[in-house]
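Take any residue in the sequence shown, note its place counting from 1, add 1068, and you have its number in the working numbering.
Beta carbons: idealized from backbone N, C-alpha and C, even for Gly.
Inspection log for the structure reproduced underneath, given as structure tokens.
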Amino acid sequence: MSGNLRFVLGDQLTRDLSALADIDPARDAVLMVEVEAEGRAVPHHRQKIAFLLSAMRHFAEALRAEGIRVDYVRLDDPDNTQDFTGELARAVARHGPKRVIVTEPGEWRVEEMMRGWAQSLPVPLEIRADDRFFCSRADFTALVRARKTGRMEFFYREMRRRTGYLMDGDTPVGGQWNFDPDNRKALPRGTRVPERRRFPPDAITREVLALTASRFGTHFGDLEPFGWAVTRADALLALDDFIAVGLPRFGDYQDAMRAGEDFLFHSLISPYLNCGLLTAREACDRAVEALGDGAAPINAVEGFIRQILGWREFVRGIYWAEMPGYAGGNHLNATRPLPALYWTGDTPMRCMAECIGTTRRHAYAHHIQRLMVTGNFALLAGIEPAQIEAWYLAVYADAYEWVELPNVHGMVMHADGGRLGSKPYAASGAYIHRMSDYCTGCSYDPKVKLGPGACPFNYLYWNFLIENAAVLSPNPRMAMPYRTLARMPAAQRAEIVQAARVFLDGLPTDWG
Ligand SMILES: Cc1cc2nc3c(=O)[nH]c(=O)nc-3n(C[C@H](O)[C@H](O)[C@H](O)COP(=O)(O)OP(=O)(O)OC[C@H]3O[C@@H](n4cnc5c(N)ncnc54)[C@H](O)[C@@H]3O)c2cc1C
Ligand code: SF4
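Structure, rendered in structure tokens:
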């Protein structure tokens, strides 16, 4: 072969990827591999595995349709060594390329692997930056250093200035940077939630569904019904659908939850953004257009842009700036094993059962379900960070370590000592009661603090503050709850600690 071998990973399914930028179809080839090592490193949700395999196979077909030679190694190829390093070595031996070209990966572990390739391959390796993000890794580090702050809000404002999104010269459109106070409404009873566009499996997806069922049959999660887009064309239709039916009320009900409504007004585009079928820029552009056309209000569009331009870029920056040490922290010394209910959904706590149910059905839950229900419970229960991180990484179709880890380790578990968020998002049952209808029909009562029928989130919340007082009470943002705790009679505190202990010790951890 007289050209280059361009190795494209499963979360790099973007035609404009840097590794494909200057491809010469007459001389170059693209390598894509399905390897079990990636599918088994974590027991991924079966829908997530099928989604990625199908999206990869469709991407390979789209490249072939352009006349590009694609060397595609399937999972069930008998010669497949089932790991990236083995497959790349075999492909280099097959093709004898001048060079191997890759785009930097999304995960620290794979980047380490790539560094090894530079040593072990008989041909040069070129690693290119992943320019699908608004902020490069180097820019993020420089920005944080220059500002001497790592807070999302500052980062987000700077990104607004740099990109010009929602800017009117130097001032933010609408006169304020942040419309969060407008975006915390509970969903009024009777509000109609739109049907969302889903995509019936085609022949390639059906083949992949059968393969996933046979090879990953014991993994968590329903495989069907399968409704994810697996091509760029369908992912664009999914984005259109969101802009038309979700975005107008995205802001208002961003934090709302309702039993039986798995998607509400959320975009459902994170799996597409994270594997490359959609770009962050086109999602932001479409939202800004909708504002210009009068199709969506500013609080919705700003809320959406904030999630992508702000949070998504910020967590990626933190991940690369802080790894590998980041994953090892355990600021609150949490050591409890993961309760079995995270896998089974078998619990009388209706909020937890609902959020785990949607996770099982779709490999999806929206942000507030992840943060304020399953995440809040993990924080209050003191689950060991590594165990809950592994759960989040496994169960969501959009989960990759660069985005999952900062969200779980930092935002949810406060295990990074406040690098990502200045205080833990701990909340009692009152929050869930206010923002959802889950408590209606629950075996527990969110208004009861202790004793029969008491909502576990209530006594777990105060127990969490008591247990972590030495670490958290000096935090000025925690002053208010600690003042309330200080006024609580000692006997009541003792009852709280006892109730929490009985509840937590009674949670089974074995689900096999
Ligand atoms: C505990 C926990 C774990 C999470 N794990 C992941 C994960 O593995 N992968 C992932 O993509 N997101 C993760 N998130 C962020 C967020 O929950 C999901 O991006 C969002 O729910 C995806 O659904 P959506 O596309 O409908 O999002 P929308 O609510 O419609 O938001 C639009 C987009 O904003 C981005 N976004 C929003 N919030 C965040 C955030 N906190 N961090 C990064 N991007 C954000 C996503 O790309 C999302 O598609 C996690 C959040 C929490 C609290
Ligand atoms: S009462 Fe408590 S456990 Fe039950 S749904 Fe409400 S918050 Fe969840």
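Rounded to whole angstroms, what is the Cα-Cα separation between E1586 and W1470? This structure leaves residue 1586 out entirely; the chain is present only between 1069 and 1580.
Cβ contact check for the stretch 1450-1466 and the stretch 1489-1506: 3 or more pairs under 8 angstroms: no
Does any heavy atom of ligand 2 sit closer than 8 angstroms to the C-beta of D1051? The structure shown does not extend to residue 1051, since the chain is modelled only from 1069 to 1580, so the question has no answer here.
Helix, strand or coil for D1198? Go by DSSP, reduced to three states. D1198: coil per DSSP, three-state reduction.
Take D1198 as the anchor and find which of D1308, P1190, C1523 and E1381 has the nearest alpha-carbon. Residue E1381 is the option with its Cα nearest to D1198.
Since R1264 and D1309 are thought to touch, with beta carbons under 8 angstroms apart, how far apart are those beta carbons, to the nearest angstrom? Confirmed, about 6 angstroms.
To the nearest angstrom, report how far apart G1425 and P1407 are at their CA atoms. 16 angstroms
Is it true that the stretch 1337-1344 meets the stretch 1395-1403, where meeting means three or more beta-carbon pairs spaced less than 8 angstroms apart? no
For E1179, I'd like the list of residues in its chain whose CB is within less than 6 angstroms of its CB, leaving aside the five on either flank, ordered along the chain. Counting only Cβ-Cβ distances below 6 angstroms, and skipping sequence neighbours, we find P1173.
Which residues in the same chain have their Cβ closer than 6 angstroms to the Cβ of A1364, if we skip the five residues on either side of it in sequence? Short of 6 angstroms from the beta carbon of A1364, and not among the five residues preceding or following it, lie these beta carbons of its own chain, in chain order: L1315, P1316 and A1358.
Roughly how many angstroms separate the alpha carbons of L1461 and K1116, rounded to a whole number? 11 angstroms
Would you mind listing the alpha helix (DSSP H) stretches within the stretch 1256-1335 that are 4+ residues and don't spill past its ends, in chain order? Segments of the alpha helix (DSSP H) lying fully in the stretch 1256-1335: 1271-1283, 1300-1309 and 1315-1318.
So A1306 and H1113 are supposed to be a Cβ contact under 8 angstroms. How far apart are they, rounded? No, A1306 and H1113 are not in contact; Cβ-Cβ is about 19 angstroms, not under 8 angstroms.
DSSP three-state assignment for L1189, whether helix, strand or coil: coil
Do Y1527 and L1518 have their beta-carbon atoms positioned less than 9 angstroms apart in this structure? yes
Below 8 angstroms, is the gap between the Cβ of I1500 and the nearest heavy atom of ligand 2? When distances are taken from the beta-carbon of I1500 to the heavy atoms of ligand 2, the shortest one is below 8 angstroms.
Count the other CB atoms within 10 Å of the CB of A1433; is the residue buried (16 or more) or exposed (fewer)? buried
Going by beta-carbon coordinates alone, are L1277 and F1294 separated by less than 9 angstroms? In contact: L1277 and F1294 (Cβ atoms closer than 9 angstroms).
Using 8 angstroms as the Cβ pair cut-off and three pairs as the minimum, do the stretch 1080-1090 and the stretch 1228-1242 touch? no
Whole angstroms is fine: what's the gap from A1568's alpha carbon to L1255's? 31 angstroms
So is G1078 buried or exposed if we call it buried at 16+ other beta carbons inside 10 Å? buried
Check each candidate in R1196, R1230, I1500 and R1374 and name the one with the smallest Cα separation from L1211. R1230
Residues near E1292 in its chain [Cβ-Cβ closer than 7 angstroms; skip 5 each side]: L1277
Straight-line gap, P1474 to L1189 (C-alpha atoms, nearest Å): Between P1474 and L1189, the alpha-carbon positions lie close to 33 angstroms from each other.
Contact the stretch 1090-1100 vs the stretch 1133-1153: 3+ CB pairs below 8 angstroms: yes
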